[in-house]
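Numbering (the numbering used here), first residue to last: 1 to 91. Here's the structure, in structure tokens; my notes come after.
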């Protein structure tokens with residue numbers, strides 16, 4: 001599997017993930033398949049808040065720039081409903 005298909009993409013410098021993208025790379029090398037089951041994955045924006053995906057989340061190939069957006073008074077997750085994975089409740 002190509003690296004781009006294994007790791008999530010995040011270009012905004014004021015956004016972050018937990019574990020970080022670098023940590024995801026390290027964990028995937030140590031434990032192949034880790035990115036398909038990241039426990040309690042977090043996406044946040046400095047100075048704003050964060051979103052936690054409870055349980056195991058498959059982050060392989062996710063474009064987080066398209067999935068999560070933090071604005072002044074709101075957070076948008078999966079603005080395009082068509083891109084939301086089936087069967088996943090988003091609260």
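Where is the CB? At the ideal position from N, CA and C, for every residue including glycine.
field: In DSSP terms, what residue 39 is bridged to
entry: Counting from 1 along the chain shown, the entry for residue 39 is found at position 39. BP columns for residue 39 point to 56.
task: Check residue 27 in the structure and name its three-state DSSP category.
output: In the chain shown, counting from the first residue as 1, residue 27 sits at position 27. Correct three-state label for residue 27: helix.
- prompt: Touch check for the region 50-60 and the region 28-37: three-plus C-beta pairs under 8 Å?
  reply: yes
message: Within a Cβ cutoff of 6 Å, which residues of the same chain sit near residue 8, ignoring the five residues on either side of it in sequence?
response: Along the chain shown, one-based indexing puts residue 8 at 8. Only 59, 62 and 64 meet the Cβ criterion.
message: Please report the straight-line C-alpha distance between residue 75 and residue 13, rounded to a whole angstrom.
response: In the chain shown, residue 75 corresponds to position 75, counting from 1. In the chain shown, residue 13 corresponds to position 13, counting from 1. So the two alpha carbons sit approximately 17 Å from each other.
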